[in-house]
Amino acid sequence: MKKGMLIAMLLALSGTGHAADKVFTGPDCSKDTDARIVGGITDSLNENAGTSLTLNKYFKELVGKGVTRKIIRLSSEKISKEEAERLMYRRAKRDGFSSADIEKSGMKVQYLKMDLYRQYYLIESSKGFKAIAEYYSAVARGNWPEDDKEAQACGVDLEKIYVISDTIEGHTEDFSSR
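Using our numbering, you'd call the opening residue of the sequence shown number 1209 and step up by one each time.
As structure tokens, this is what we get:
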């Protein structure tokens, strides 16, 4: 009896120990307190819009008077240093930076001296805009508490935006003609 009770107690205590070892999956930027999530999308829409009526439509659906937004983090995973380096050079090429510019700008620190997390966010607006955005958020290395906002930077890089609010009517060919 005592042995069974002891085993049950040990199992119960060992279970609580594992719950405390929750894996950190990067910052949760869904509150968008520094406007990096919505700001990244609006910057991308403005940069690429030009005469595109579709991109201008998305912009109007995302921002403006009376528009509310809901942001949900769908996933987050730490990326490798090779992936971080690829992102750094992608951004340097986009911004016209030379190797010397990368060193001077602090870009190398941002991409290679911090832990980066690939994060997917669902962004919805009250005007019908709906997209999934692929962001990269950073966390300073070291012995920081997980909730220390000074050690975290949301949305330091935005690679892709998948707009899902538009629909196209599907068409299936007549099966008898096959």
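A virtual CB, placed ideally from N, CA and C, is assigned to each residue, including glycine.
Owing to the predicted nature of the structure, the values given are computational and were not obtained by experimental measurement.
query, result
"Is it true that the CB of Y1329 sits closer than 8 Å to the CB of S1238?", "yes"
"Does the segment 1287–1300 come close enough to the segment 1248–1268 that 3 or more CB-CB pairs lie under 8 Å?", "no"
"Taking C-beta to C-beta, are L1295 and D1365 nearer than 8 Å?", "yes"
"Which of the three DSSP states, helix, strand or coil, is assigned to E1377?", "coil"
"What is the residue span of the beta strand (DSSP E) that D1365 lies within?", "1360–1371"
"Considering only C-alpha positions, which residue in the set S1334, A1339, S1345, G1274 is nearest to Y1319?", "S1345"
"Kindly list the residues whose CB is nearer than 6 Å to the CB of T1233, restricted to its own chain and excluding five residues on each side of it in sequence; keep chain order.", "S1284"
"Are I1331 and R1277 touching if we call contact CB-CB under 8 Å?", "yes"
"Given a cut-off of 8 Å, decide if Y1343 and I1245 are closer than it, judged by their beta-carbon atoms.", "yes"
"Going straight from the alpha carbon of M1322 to that of E1358, what length do you get?", "13 Å"
"Should Y1370 be labelled buried (16 or more other beta-carbon atoms within 10 Å of its own) or exposed?", "exposed"
"So, under 8 Å CB-CB, R1299 and M1315 are touching, yes? Tell me the CB distance rounded to an integer number of Å.", "7 Å"
"In the DSSP assignment, what are the bridge partners of Q1327?", "S1284, Y1343"
"Does DSSP put A1300 in a helix, a strand or coil?", "helix"
"Are the beta-carbon atoms of F1337 and E1269 separated by less than 8 Å?", "yes"
"Assuming L1253 and L1263 form a contact by the criterion Cβ under 8 Å, report the distance between their Cβ atoms to the nearest whole angstrom.", "5 Å"
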